[in-house]
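One structure below.
In our numbering, the protein residues as written are 31 to 211.
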C-alpha cells in the first residue's frame, strides 16, 4: 500500500467525497444485510453530504472533517461535531455537550489496512490540540460495532433491538486520556 495522507477536505474534492460516501454507505448496508432499506441509504448519503457542507460553510467550526487519500483517491473519512439527534434522544440529552466522532468510513478496497486507526489517531491529536477531553460515537451497524467493542470495550448505552429484533444501537462515551496510547 502506498502512502496514505490525512488532511482537511478541499472544496474541489466535494464531488469525489460525495461519490466516496455513496460507495461506502451502500457497501456498509450490504455488509450489514440491510441493503433493502433503500430510503435509509439515500437519507444517510444525504446526511453525510450535508455534514460535509457544514464543514465547508463553518470552516470546520460546526463540523470538522479529515479525509484519507492515496495519491488523489479518497480512501477514508472521519468527522466530529455536535452529538447527533439519535444520540441525544437515546441518552435523554446526557451527551448534548459532548462532541461526536462520526463518518468513520474506509473505502471497501482499502479496509483492514489500518486507515481507520490512522484517521482516529489523527482526530485524537486534533482533540488534544483543541482541549477536547471527552467524545462519543454511536453505531447501529453490526460490523462497526465489533470494531468499536474491540477498540473501546462495551458501549455505555445499549438500545436493544432498536432497529428490529437482534439489531441493537450502541453509544460509547469516552475520555480522550483513556484512549490515547
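Note that the Cβ used here is the ideal one computed from N, Cα and C, for glycine as well.
| said: DSSP has residue 167 in a bridge; who is on the other side? | reply: 202
| task | Could you give the DSSP three-state label for residue 133: helix, strand or coil? | result | strand
| task | Starting from the Cα of residue 165, find the closest Cα among 126, 51, 45, 106 and give me that residue. | result | 126
| said: Any beta carbon of chain D sitting closer than 7 Å to that of residue 70? | reply: Of the protein chains in the structure, only one exists, and it is not chain D.
| field | Residue closest to residue 34, alpha-carbon to alpha-carbon, out of 101, 77, 130 | value | 101
| task | With DSSP collapsed to three states, give me the class of residue 112. | result | strand
| message | Which of the three DSSP states is assigned to residue 96 in this structure? | response | strand
| query | Quick one: Cα of residue 197 to Cα of residue 189, how far? | reply | 9 Å
| request: Could you check if residue 175 is buried or exposed, using at least 16 other CB atoms within 10 Å of its CB as the buried criterion? | output: buried
| message | DSSP has residue 36 in a bridge; who is on the other side? | response | 98
| query | Can at least three beta-carbon pairs, one atom from the segment 83 to 102 and one from the segment 134 to 152, be found at a separation below 8 Å? | reply | yes
| With a cut-off of 8 Å, do at least 3 Cβ pairs link the segment 117 to 131 to the segment 52 to 66? | no
| said: For a test of the three-state rule: what should DSSP assign to residue 106, helix, strand or coil? | reply: strand
| Bridge partners of residue 140, per DSSP? | Paired residue(s): none; residue 140 is not in a bridge.
| query | Given 8 Å as the limit, is there contact between the segment 77 to 85 and the segment 153 to 161, that is, 3 or more CB pairs closer than that? | reply | no
| Pairwise C-alpha distance: residue 82 and residue 207 | 28 Å
| message | In this structure, how does DSSP classify residue 188 when only helix, strand and coil are distinguished? | response | strand
| DSSP state of residue 207, grouped into three classes? | helix
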